[in-house]
Amino acid sequence: MSILKKLSSNKVALFGLIVLALLILVAIFGPYLYETSPWRMVNRPFMPPLENGSLMLGTDTMGRDVLAGLVYGTRISLLVGLISTMIALLIGIPLGASAGYFGGWIDEALMRFTEIFQTVPSFALAIVIVAIFEPSVYSITLAIALVSWPPVARLVRGEFMALRNQEYVLAARLNGQSDHNIILKEILPNTLSPIIVMASLMVATAILLESSLSFLGLGDPEIMSWGYMIGAARTVIRQAWWLSFFPGIAIALTVLALNLVGEGLNEALNPKLSGSRES
Amino acid sequence: MKKRLIQAVLAAAIPLASINVQAADPVYGGTMDVVVQPEPPSLMIGLYSNAPTQQVAGNIYEGLLRYDKDLNPQPLLATSWDTSEDGKTWTFHLKHGVTWHDGKPFTSADVVFSVDKFLRQTNARLRQSLQYVDSITAPDDYTVVFQLKQPFGPFIGLFETGTMPMIPKHIYEGTDYKTNPANHHPIGTGPFKFAEWKKGSYIHAVKNENYHVKGLPYLDDIYWHVIPDAASRSVAYETGKIDVLPGGSVENFDIPRLTALDNSCSTSDGWEYFSPHAWLWINNRNYPMSDKRFRQAIMYAMDRDFAKNALWNGYGKVAKGPVGSKTNFFNKDLPDYEYNPKKAKALLKEMGYDGTPVRLLPMPYGETWQRWAEAIRQNLAEVGIKTDMVSSDVAGWNQKISDWDFDLSFTYLYQYGDPALGVSRTYVSSNIAKGSPWNNAEGYSDPEVDKLFAEAATAYPDSKRQELYNEVQAKLVEDVPVAWLLELEFPTIYNCNVHNLIDSAIGVNDAFGTAWIEK
Amino acid sequence: MKPLLKVEDLSIRLPEGADRPYAVQNLSYALNPGEILCVVGESGSGKSMTANAIMGLLPKAIQAERGAITFDGHDLVSLEERRARKMRGNRISMIFQEPMTALNPLMRIEDQIGEVFLIHSDMSKQQRQARTLELLKDVGLPDPEKAMKVYPHQLSGGQRQRVMIAMALALEPSILIADEPTTALDVTTQAQILHLIKELQRKHGTAVMFITHDFGVVAEIADRVVVMQYGKMVEIGDAQQVLNDPQHDYTKKLIAAVPPLVAPEREVQDRSKQRPALSVKSLCKTYVSPGSWFKPGRTVHAARDVNFDLYRGETLGLVGESGSGKSTVSRCIVRLLESDSGEILLDGDAIQDLDNKALAPYRKKIQMVFQDPYASLNPRKTVGRIIADGPIAQGVPVAEAMQRAKELLALVELPETALDRYPHEFSGGQRQRVGIARALAHNPQVLVADEAISALDVSVQAQILELIDTLKKKLNLAVLFVVHDLRVAAQVCDRIIVMKHGQIVEAGETKAVFEDPQHDYTRNLIESIPGADWRSGHQPQPAVGKIA
Amino acid sequence: MSIQTLFYIGGRLIKGLLVLFVIAIFNFFLIRAAPGDPAKVMAGEAGATDELFLQQLREQFGLDQPLYYQLWVYISNLVQFDMGETYRQQMPVFDLIMDRLPATLLLTGTAFVLSLVLGVLVGVIAASNHRKWIDSAISVAALVFYATPLFWLALMAVLLFSVFLGWLPAFGMETVGANFTGWDRFVDIAEHLVLPAMTLGLFFTAVYARMARTSMIETSRADFVKTAKAKGMKPSRVTFRHTLRNALLPVVTLAGLQAGQMIGGAVLTETVFAWPGIGRLMFEALFQRDYNLLLGVFFISSAMVVLFNLATDLIYCIVDPRIELAK
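Residue numbers (my numbering), protein chains in the order written: chain A, 22 to 300; chain B, 46 to 564; chain C, 121 to 668; chain D, 11 to 337.
Here it is in structure tokens:
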């Protein structure tokens with residue numbers, strides 16, 4: 022709770038938090054405002070914004086409601102961002118934790134493995150993975166997760182290496198606690214702050230990645246996402262600026278909000294750890 | 046048929062350049078900048094007959110004939126031709142004094158080699174037609190005789206550059222065609238000579254000073270530019286970098302804007318030979334598509350006029366049935382499947398459709414096709430058919446159709462002017478085989494249809510063929526083996542300073558020999 | 121005598137949210153020419169803040185609210201930045217606590233010292249180099265020519281501090297401010313640096329403001345003393361007077377907490393019949409720094425043939441400077457490190473080769489108290505869990521373990537309410553009590569205290585020492601006391617072992633060792649203790665107050 | 011350069027090569043998991059085909075062999091630095107990539123240098139005005155560029171600078187057919203380079219600016235900065251002589267790691283601007299299922315990452331005397 026308090030005392034982070042909260046609300050409840058699908062062709066194509074009261078942001082190349090698309094897109098952008106980040110954490114944390122805690126040949130082996138993923142250009146790898154498993158929300162999420170876990174592993178490894186010789190960890194070892202227990206209960210909770218910060222930034226990056234993939238035509242055809250909307254609108258960017266403009270703003274705003282919250286978290290979480298000496 | 050031939054022979058006397066009447070006098074010189082999309086895999090047109098290869102190499106290589114916009118054969122490397130009464134012996138008289146780009150003379154030996162040896166081995170589509178040909182002989186250097194096993198209606202339609210290009214025998218004979226180094230430096234008889242190919246950037250061709258048609262070509266150079274992004278291609282045209290945008294090289298949504306620019310002209314001519322026909326493959330093997338009423342319901346559910354207007358800017362024509370209206374032997378009296386969701390729902394109800402979702406495979410050929418799939422999905426959703434859209438790239442799409450791993454899928458195919466060449470392949474049961482996305486992939490099988498198509502291909506004369514084709518078209522429209530969408534038109538957009546651009550049924554594929562640029 | 125520098129009624133406000141409104145409040149004192157003034161106080165007393173104010177190095181958020189610092193006719197608080205800069209490094213210079221971080225890691229020593237001349241003089245490059253070399257010679261760096269060309273990381277801590285001093289004295293300033301310059305150094309190095317400062321001060325007549333927390337250091341070098349507490353000056357006077365006759369209670373308390381350098385008489389028990397609780401035989405441990413494929417690693421012998429016995433009811437001191445191997449030995453004993461060879465007998469059983477599973481029952485018998493009370497408690501766990509988790513991991517039911525934790529808290533004199541609170545809510549001394557409670561949770565026979573008090577303030581140290589002593593008696597523990605501070609060792613240990621470079625150089629009864637050291641190194645160590653002469657005859661005065 | 015340094019570089023290169031070979035094997039299987047094969051794609055482009063033609067193509071490409079055999083052939087060729095031939099262009103993969111690589115290096119190199127210089131500069135300005143409006147303005151701008159999708163920015167840039175203003179060419183690397191030489195050619199390429207390099211560089215400028223700012227602020231709290239101030243140094247000298255040099259170290263590390271990644275990651279920019287580089291080549295090869303080419307691009311771009319990482323370490327060791335290479 023105190024983290025939330027600290028966050029909201031930081032004006033910029035508070036702005037990010039509010040935007041993010043609104044986006045989450047839209048993601049959860051928004052689609053209920055548009056009960057029919059966002060694919061429905063509701064009016065004539067290329068209707069500019071504000072021309073029709075019920076279609077605030079106008080219509081797209083097929084006469085579909087842009088606002089409805091944005092609302093549905095919020096859900097999918099956030100979901101893809103969140104889930105891919107979670108998968109990346111699920112891969113990266115155990116890997117980094119084992120490498121950092123055990124060290125030695127385990128560390129060497131796991132880090133060589135990580136290095137492979139870091140050496141292959143990640144965006145190219147994401148493209149290949151999506152193309153191979155055929156574009157769908159699952160393959161996109163998976164691809165994003167597969168290219169974003171190495172930094173997590175490296176971060177967690179670094180934290181574990183720093184913490185494994187902390188005296189409270191040594192004390193736990195002397196206490197006869199199992200490695201499993203030490204990793205999960207002693208060290209991991211103390212690495213959460215940087216992980217949370219990194220995760221919030223990763224969600225942002227994942228949203229950007231998803232939109233880039235969709236832009237290249239590698240989006241899930243079943244799902245109305247922001248990246249898809251820009252990708253679909255780029256060919257008509259001069260006839261209908263609003264088609265790529267609004268989703269672009271939506272992405273930028275979301276990513277911005279996540280970054281602000283991430284930075285706010287960073288500021289709120291880290292001084293507490295280092296500042297505890299003064300108290 | 047006979048009468049048409051004589052006309053053609055007469056036409057041969059008229060110089061090629063005067064076919065199109067132009068207001069201004071042609072001028073010599075200038076460089077033409079054209080877009081080619083995607084970058085061709087090779088310019089060796091005998092090995093690769095895909096669209097970008099044809100578009101470039103069609104100006105380097107030549108066939109024996111050209112076709113005008115009504116699909117009438119015109120002389121090119123052959124000055125005249127005639128046929129026996131029974132339609133089984135065809136004799137072609139070659140033009141004298143034609144040379145290859147390397148200076149060697151072009152003779153009947155080249156023709157026999159090209160068709161009988163080279164293309165029979167390399168060109169799958171021509172191979173199908175060549176099964177009707179018994180022998181190809183060259184009585185002298187300038188005469189070639191094709192002896193058919195039985196009359197083959199579309200035979201005279203096979204001689205354009207893309208289908209039956211002339212390959213230099215002195216370069217390819219006795220070599221491995223696919224690895225012959227000349228593939229990288231194509232040698233033809235056409236109005237332009239290959240100069241340079243900067244991979245990923247452009248292909249450069251220069252004027253053939255020794256071209257066999259006196260006075261042609263007008264242009265000095267042609268550059269085909271490779272610009273992978275559609276929006277960039279539009280900008281390139283807009284900023285004047287590009288003179289000609291061949292059909293299909295920009296997204297349809299950009300066409301109205303580009304044609305409305307100052308000094309911008311467009312034409313939808315030049316596709317008559319191909320007459321691209323778009324339809325939805327319907328996998329007839331599986332429920333619910335196996336039910337004729339379901340397939341008819343799809344026809345009624347689709348708002349094809351909306352698609353034509355919203356996606357194709359009004360270009361094209363709603364397809365009535367399997368044969369395009371510009372293709373020979375089109376049946377004008379077919380019933381319409383109008384946009385009628387109610388009727389579609391009624392049909393679905395009648396068959397007791399249980400709501401099983403169907404998989405829809407869009408065509409991975411750009412924005413328009415993707416949007417079209419979205420529109421059709423919405424159309425189908427509104428009559429109660431749930432679709433799952435499956436996305437894939439070109440390779441995956443081909444694979445899925447070849448393996449029959451789809452329920453509905455977009456496609457479009459060329460008709461090549463004659464149902465026997467471009468239509469029957471989709472419907473005859475002998476063409477049901479895994480491994481190709483261009484045969485009878487929907488798995489429709491009807492002995493009567495098989496019989497009618499077989500008879501129509503070899504019937505003689507044309508009136509008899511028309512009768513048989515009418516019958517088979519009516520039968521297919523009732524059965525709906527596939528859901529026909531549009532007869533596509535791909536407008537060519539070009540700078541109005543370019544004159545005399547499209548003057549054949551294959552359009553830009555052999556356009557530049559006669560084109561000129563106003564200064 | 122006219123004071124060189126006067127601090128008058130200085131108050132420095134802290135930003136909002138700090139634990140008190142003022143860092144320094146109504147502070148007034150003077151620094152006379154050529155004297156060494158020691159400013160003494162515990163951490164957080166505001167002693168460094170004053171120095172920073174004089175140097176104009178206060179962070180932007182913290183500014184002097186009131187008062188003046190007069191030097192050479194200027195008020196340094198209100199002096200224009202451009203003119204103040206001319207004083208800095210020239211008339212007044214400063215050296216810092218951490219020699220490891222106070223030098224720019226990317227610049228050669230020569231350039232860092234030369235920079236001072238570059239800023240404040242118009243010497244040529246040759247002149248600068250010549251002067252730098254001279255300075256390095258003055259501060260007694262071995263091989264000064266070579267030292268010019270090296271980077272800071274190639275020097276030891278003491279050598280770096282010498283470089284800092286050379287830099288500070290480059291332009292013969294009137295005032296040298298030394299902010300705990302020896303705190304991070306080993307005792308022998310500290311003695312050398314103190315000696316150097318004193319010598320240079322005498323040579324150049326520089327006034328030195330020496331900030332420290334250590335009364336031993338004060339006794340060693342101070343002419344006059346200022347004692348500070350919570351931002352206020354509580355006492356000022358001549359060094360001898362303050363040291364031997366302190367007036368203020370706080371000063372008294374601080375001085376009382378400094379253990380006298382005389383080992384008390386102890387009952388010498390003959391334990392040869394007893395079985396040792398812990399017996400270490402021929403222990404060896406070698407570190408090989410990882411080399412590369414082409415370069416062999418560096419070998420460091422952290423323990424070479426170490427032998428000793430430890431009996432229940434006694435405290436054995438393991439003494440040495442950093443790098444002596446004392447920590448390595450202690451960690452090998454508790455099996456946090458694997459020894460290379462030798463035997464570790466715990467209650468008669470060899471434990472050095474047991475795997476984790478077989479080791480588990482022995483873990484209960486030997487426990488450790490760690491150095492850093494801030495790092496030794498998991499910040500995400502309640503105190504109750506910290507104490508109880510060990511037994512729980514060994515299979516004790518949670519409720520029982522928590523009940524035991526409550527009892528242990530009482531044993532280490534912490535309130536029961538501490539059970540559900542988190543470590544950050546406690547002070548350093550309280551945390552160390554929690555650490556002790558955790559170590560006792562298993563009812564161990566042997567307690568290894570690894571520098572268990574060195575991170576604590578002097579007044580708190582005494583309390584913790586007493587607690588350990590009480591517990592030792594109450595629970596009949598064998599205590600291995602790893603310590604670098606010889607004053608502490610003298611007070612609490614029955615026997616001591618002196619280590620150097622991984623080897624035991626001397627071992628014996630504490631009193632005997634202190635009074636008649638056999639080995640040169642031991643002698644050197646004892647002589648290096650600052651203020652060795654001061655309070656050598658006093659009896660220990662146990663500290664007052666319950667909870668640190 | 012000392013013999014140790016050479017040994018170190020040698021050792022790193024051997025390790026790098028091992029990683030590259032594992033990557034090659036990994037990619038080999040990954041790519042073959044994709045539906046369809048190059049024969050099918052090429053046959054597909056021909057408009058009509060039959061099994062015979064497909065079979066011919068597969069035989070020609072060696073795709074009729076069992077997978078393990080294909081892998082063996084590929085790897086044993088790769089060991090001799092032969093990446094095979096492309097299926098489409100029937101050129102040696104290496105030649106085709108080397109043909110395209112300069113374009114990519116030019117684009118990414120320019121963007122990289124531009125973003126690093128600009129980013130550090132802006133970061134330093136922000137840090138030295140910490141908590142003032144200019145710092146906030148720079149931070150916000152950096153965040154906004156960081157958050158904006160690259161491709162969107164690219165589209166907007168084309169729209170503005172090429173279409174509306176007509177200042178800069180919108181696509182390609184050279185004016186085709188102009189056949190410029192010498193200075194004219196340089197200017198021509200430079201003009202074409204502006205938009206793509208700017209688009210690609212803006213994102214990284216934002217990254218480096220943020221990094222440089224944080225690092226500067228952190229370093230300015232270091233003890234040695236205090237020492238420098240205590241010497242009576244001017245703030246500007248403290249910033250440049252002491253703070254900046256130390257603050258640059260983490261920026262250099264990050265930049266080095268990204269420089270390699272940038273080469274393979276310029277797909278988006280190369281696509282929008284029709285830049286004839288290897289990013290686009292990779293994208294096309296993927297959809298053509300041109301296995302050899304795709305593997306080749308991956309191999310080369312991964313090799314670039316390895317090389318850049320090594321170069322970063324070497325630079326680091328020059329900048330920071332504390333780092334010993336042989337560790």
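Positions of the beta carbon are idealized from the N, C-alpha and C atoms, including for glycine. On a predicted model such as this, the values are computed, not experimentally measured, just so you know.
Nearest C-alpha to residue 89 (chain D) among D:229, D:150 and D:34: D:34. Following the DSSP letters along the chain, one finds residue 247 (chain B) inside the beta strand (DSSP E) bounded by residues 247–252. DSSP places residue 311 (chain B) inside the beta strand (DSSP E), whose first and last residues are 309–312.
Of all residues in the stretch 167–180 of chain D, only 168, 172, 173, 176, 179 and 180 place a beta-carbon less than 8 angstroms from a beta-carbon of chain B. The Cβ-Cβ distance between residue 335 (chain B) and residue 329 (chain B) falls below 7 angstroms. Counting the other CB atoms within 10 Å of its CB gives residue 20 (chain D) a total below 16, which places it among the exposed residues. Residue 80 (chain A) and residue 218 (chain D) have their C-alpha atoms some 39 angstroms from each other.
Using a Cβ distance threshold of 7 angstroms, residue 276 (chain A) and residue 225 (chain A) count as a contacting pair. Here DSSP, grouped into helix, strand and coil, assigns residue 196 (chain B) to coil. Cβ contact annotation for residue 150 (chain B) (same chain, cutoff 6 angstroms, sequence separation greater than five): 144, in chain order. Against chain B, the CB of residue 282 (chain D) has a partner CB under 7 angstroms away; the residue lies at that interface. Taking a C-beta cut-off of 9 angstroms against chain D, the contacting residues of the stretch 268–289 of chain B are 268, 270, 271, 272, 273, 274, 276, 277, 278, 280, 281, 283, 284 and 286, listed in chain order. When C-alpha distances from residue 255 (chain A) are compared across B:290, B:284, B:287 and B:295, the shortest belongs to B:295. Between residue 159 (chain C) and residue 170 (chain C), the beta carbon gap of about 7 angstroms places them in contact (Cβ cut-off 8 angstroms). Nearest to residue 316 (chain B) by alpha-carbon distance, out of B:553, B:481 and B:436, is B:553. In this structure, the CA atom of residue 412 (chain B) is about 16 angstroms from the CA atom of residue 405 (chain B). As for any alpha helix (DSSP H) of minimum length 4 sitting wholly inside the stretch 168–244 of chain D, the runs are 192–229 and 233–240, ordered along the chain. In this model, residue 365 (chain C) and residue 581 (chain C) are separated by some 22 angstroms (Cα to Cα). Listed along chain D are 44 and 296, each with a C-beta nearer than 7 angstroms to that of residue 152 (chain A). Within the stretch 237–321 of chain D, not a single complete beta strand (DSSP E) segment reaches 3 residues in length. Only residues of its own chain outside the window of five on either side were considered, and among them 314, 650 and 651 have a CB closer than 7 angstroms to the CB of residue 340 (chain C), listed in chain order.
One finds nothing in chain A with a Cβ atom closer than 7 angstroms to the Cβ of residue 169 (chain C); even the nearest lies about 14 angstroms away. Contact of residue 75 (chain D) with chain B by beta-carbon distance below 7 angstroms is absent, the smallest such distance being about 18 angstroms.
Here residue 461 (chain C) is exposed, its C-beta having fewer than 16 other C-beta atoms within 10 Å. With 16 or more other Cβ atoms from the protein chains shown falling within 10 Å of its own Cβ, residue 447 (chain C) counts as buried. A distance of 7 angstroms or more separates the beta carbons of residue 450 (chain B) and residue 474 (chain B). Taking C-beta atoms under 8 angstroms as the contact rule, residue 131 (chain A) and residue 116 (chain A) qualify, at a distance of about 6 angstroms. Shown in chain order are the members of the stretch 207–224 of chain C whose Cβ falls below 8 angstroms from a Cβ of chain D: 207, 208, 209, 210, 213, 214, 216, 218, 221, 222, 223 and 224.
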